[in-house]
Amino acid sequence: MDELEQELENEVSIGKKLHIIRLNIQEEVGMELAPVYGFEFTPTFIFFDAQGNELWRMVGEFDPQKVRDSLE
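Numbering (this note's numbering), first residue to last: 4 to 75.
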């Protein structure tokens with residue numbers, strides 16, 4: 004996990020449970036999940052609630068503030 008992901012996980016995990024999973028779409032599991040979740044471009048960030056429902060999606064450059072705002 005890179006520094007930015009760790010910082011985000013620490014910030015939003017206070018009182019919440021947050022897991023960050025990074026997939027490489029050139030590896031087997033990434034290839035299998037790409038059509039399931041409909042991601043074609045990297046990077047793609049998808050956030051799910053505890054029931055597995057998609058809450059938010061961002062394609063392209065990682066914007067930490069947008070992520071923080073969406074998770075509050």
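C-beta: ideal position from N, C-alpha, C; glycine also.
The model shown is predicted, which means the values in this text are computed figures rather than measured ones.
Rounded to a whole number of angstroms, what is the C-alpha to C-alpha distance between residue i and residue j?
{"i": "Glu-31", "j": "Asp-72", "result": "32 Å"}
{"i": "Gln-68", "j": "Glu-6", "result": "15 Å"}
{"i": "Gly-33", "j": "Leu-26", "result": "5 Å"}
{"i": "Pro-38", "j": "Glu-57", "result": "15 Å"}
Within 10 angstroms of the Cβ of residue i, are there 16 or more other Cβ atoms? Answer buried if so, exposed if not.
{"i": "Val-70", "result": "buried"}
Excluding five sequence neighbours on each side, which residues of the same chain lie with their C-beta closer than 7 Å to the C-beta of residue i?
{"i": "Thr-45", "result": "Ile-28"}
{"i": "Val-62", "result": "Phe-44, Thr-47"}
{"i": "Tyr-40", "result": "Ile-49"}
{"i": "Leu-36", "result": "Leu-26"}
My understanding is that residue i touches residue j, with C-beta atoms under 8 Å, so please give their C-beta distance in whole angstroms.
{"i": "Phe-50", "j": "Trp-59", "result": "5 Å"}
Across which residues does DSSP place residue i in a beta bridge pair?
{"i": "Ile-49", "result": "Arg-60"}
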